[in-house]
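Going by my numbering, the residue at position 199 of the sequence shown is 274; the numbering climbs one at a time, nothing skipped. All residues carry an ideal CB built from backbone N, CA and C; glycine is no exception. Since the model is a prediction, treat every value here as computed from it, not as a measurement. Notes to accompany the following structure.
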Amino acid sequence: MSEEYYYDLVVVGGGPAGSSAALTAAKNGIKVAILEKENSIAETVRTSGVTWIQSIKEFGIPDDCFNPIKNFSFCSPNNEITISDSIPRAAVLDVRKTYRWLAHEAEKDGADIFVKINVNEVIKNEKGDIIGVRGSGPNGKTTFHSKVVIDASGFPSTVCKAMGFVTQWKRFGAGAEYEVKVENVDSETWWLMVGQQYSPAGYAWIFPLGNNIVRIGVGVGKPESDVDPTQRLEELMKTKPGPIKKLGKITPIEFHYGLIPNDGLTRKTVFNNLILVGDSAGQANPLVLEGIRYAIKFGRVAGKVSSEAIKSGKTDESALYPYEENWKKEIESKINAAGKVQNKWIALSDEEWDKELDIIKELKVEEFLDFIKADFGLSNMIKLTTRHPKLAVRQLFNLVKEKN
Ligand SMILES: Cc1cc2nc3c(=O)[nH]c(=O)nc-3n(C[C@H](O)[C@H](O)[C@H](O)COP(=O)(O)OP(=O)(O)OC[C@H]3O[C@@H](n4cnc5c(N)ncnc54)[C@H](O)[C@@H]3O)c2cc1C
């Protein structure tokens, strides 16, 4: 059996990037389909869901989708610091609820959502440009013809790989996490745990979701370390070092595992009739492997630009280029700078981490937030070094402002 559909725009992947792209395209009057391989949107959670309340508000995500955070605690083998804010500015998302809300918003505006469609083939015209995709679904082979395809398939980058435009990411983060019920937790405080014991190339975390539920996870940089994050997480849950011990009895609810690209912004993200967005485009802050807000923001831009192009009848690379121009202007220099800091962090020894926390401790909360969000605007960094002339913060400034 086989089925065939005709759309203006086909979005592969029902994650935050895909749903956001479909939303703005549907709003713009375009016939759009989201293709998702799983049984439902966000069936599998692959992220720990930390983001920023300012972005949440900008996107209109409802208040019951997140737990607010206002204290940022760090622990290294022999040091522990907390930076406290007067109001919560960070948040831990209920990932499933948020991603489903995003998809539902797109559906309300007219996007069709197809689940259980595992896209595994591209359809090309005689020039070799993409004109649709094919996948296996509940009714056998299913073909979707379209004027533009958005690859929002995340880490696997299914469509652009099938087009032969990219190969597997070389550098990436692998993360394992348990969502658990605990006895004691301060629901407004997150923990980042650094040093060899937690992760030899990365960090471990405790992110509270409210109601005594937290996510405990471990992220490991690849290929820098061959440590398996799942195994390391199991060890930490058993030995309970540092702040994990304070949680008391831990009862696992759900296991999460995911991969996130960390090759920098190396990919071209527009081709004739094709756009890459979110993780498939590598749009993540490498410092803390944060990509959800970029996926939503640039997903919306991708939907807008592609729908305008479809309406104009011209969907080649040059017509789609305003999308690439938009995201590059906004994040390219920040992501490159964050990559340099991450390269420094990934090589720190336990003793160096103990000292690094003393540097971070000196930051005002606004400075810390600029830093962790990779908001490395020149004026922010100049303010930072004027306020801390003697600190090693200056070294970070020098690192960030070095030419790429
Ligand atoms: C361990 C870990 C922790 C993270 N923590 C954070 C964090 O705290 N904060 C943050 O902002 N970011 C975090 N990230 C990054 C964040 O998860 C991603 O940047 C974000 O999810 C990217 O969204 P996306 O829509 O591009 O891709 P995804 O969320 O991966 O969505 C892709 C969708 O495409 C579907 N799909 C894939 N292949 C196919 C196919 N062949 N056919 C049909 N459908 C397909 C998938 O099932 C999925 O639903 C983390 C990542 C990892 C791995």
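Per DSSP, cross-strand counterpart(s) of residue i
i, result
"Trp420", "Per DSSP, none; premise fails for Trp420."
"Gly215", "Gly212"
"Ile105", "Looking at the DSSP assignment, Ile105 forms no beta bridge with any residue, so it has no partner."
"Cys150", "Glu155 and Met268"
"Gly296", "Gly248"
"Tyr253", "Ile291 and Phe330"
"Gly285", "Ile288"
"Tyr278", "Gly294"
"Ile198", "Gly207"
"Trp127", "Ala165"
"Glu78", "Thr217"
"Pro361", "Answer by DSSP bridge pairing: none, since Pro361 is not bridged."
"Thr226", "The sequence as given places Asp at residue 226; Thr does not occur at that position. Bridge partners of Asp226: Val87 and Leu351."
"Val345", "Ile350"
"Ile335", "Gly248"
"Asp187", "Ala108"
Neighbourhood of residue i by C-beta distance below 7 Å, restricted to the same chain and skipping five residues each side
i, result
"Gly292", "Ser123, Gly250, Ala251, Glu252, Ala279, Trp280 and Leu308"
"Lys20", "There is no way to answer for residue 20, as the model of the chain reaches only from 76 to 479."
"Gly317", "Cys150 and Met268"
"Ile131", "Phe141 and Ala166"
"Thr326", "Val255 and Lys256"
"Thr173", "Ile136 and Cys140"
Contact belief for residue i with residue j at Cβ below 8 Å, rounded distance in angstroms
i, j, result
"Thr83", "Val107", "First, the amino acid is wrong: residue 83 is Asp here, not Thr. Correct: roughly 7 Å between the Cβ atoms."
"Ile136", "Val255", "Going by Cβ atoms, the distance from Ile136 to Val255 rounds to 24 Å, so no, they are not a contact pair."
"Phe189", "Ile109", "7 Å"
"Trp266", "Ser454", "31 Å between Cβ atoms; not a contact."
"Leu362", "Val416", "6 Å"
"Asn193", "Lys112", "4 Å"
"Asn114", "Lys191", "6 Å"
"Lys372", "Asn103", "In fact, because the Cβ distance is near 17 Å, the residues do not count as touching under 8 Å."
"Asn154", "Asp433", "7 Å"
"Tyr396", "Phe219", "Contact doesn't hold; Cβ gap of about 24 Å is too wide."
"Trp127", "Arg368", "6 Å"
Neighbourhood of residue i by C-beta, 6 Å cutoff - its chain only, sequence neighbours within 5 removed
i, result
"Asn347", "Asp204, Asp391 and Glu392"
"Lys222", "Asp83, Ile385 and Thr390"
"Tyr332", "Ala251"
"Asn479", "Caution is warranted here: a pLDDT of 46 is assigned to Asn479, below 50, making its placement in the model unreliable, and no coordinate value can be reported."
"Ala370", "Pro91, Ala92 and Gly353"
"Trp428", "Ser151, Val269 and Gly270"
"Val86", "Gly93, Ala96, Ala97, Ile109, Ile225 and Ala227"
"Leu334", "Phe230, Phe247 and Ala249"
"Arg175", "Ile116 and Ala117"
"Glu78", "Asn214 and Thr217"
"Val440", "Ile158 and Asp160"
"Cys235", "Asp226, Val241 and Leu351"
"Ile206", "Ile198 and Asn200"
"Trp402", "Phe373"
Residue i versus residue j: straight-line alpha-carbon distance, rounded
i, j, result
"Ala100", "Asp187", "12 Å"
"Ser274", "Ser424", "11 Å"
"Val352", "Gly366", "11 Å"
"Ser228", "Gly93", "8 Å"
"Gln129", "Arg164", "7 Å"
"Gly90", "Ile116", "7 Å"
"Ser300", "Thr242", "21 Å"
"Met238", "Leu177", "28 Å"
"Pro283", "Thr119", "19 Å"
"Leu444", "Arg462", "16 Å"
"Thr344", "Ala359", "14 Å"
"Ile225", "Leu349", "6 Å"
"Asn146", "Ser262", "9 Å"
"Gly388", "Asp184", "22 Å"
"Lys409", "Arg171", "28 Å"
"Lys315", "Ser382", "51 Å"
"Tyr398", "Gly294", "31 Å"
"Lys404", "Ala356", "15 Å"
"Arg290", "Phe240", "36 Å"
"Leu168", "Lys419", "29 Å"
"Thr305", "Ile156", "26 Å"
"Leu438", "Met456", "12 Å"
"Leu311", "Ile435", "25 Å"
"Phe134", "Ile288", "25 Å"
"Thr264", "Pro143", "9 Å"
"Glu426", "Ile447", "21 Å"
"Val125", "Glu431", "22 Å"
heavy atom of ligand 3 below 6 Å from residue i C-beta
i, result
"Thr122", "As presented, the structure is devoid of ligand 3, carrying ligand 1 as its sole ligands."
Other residues of its chain near residue i: CB distance less than 8 Å, five sequence neighbours each side excluded
i, result
"Ile421", "Ala276, Gly277, Gly296 and Glu299"
"Tyr196", "Per the sequence shown, residue 196 should be read as Glu rather than Tyr. Here the set comprises Val208, Arg209, Gly210 and Ala237."
"Phe451", "Ser408, Lys409, Ala412, Ala413, Asp445 and Val475"
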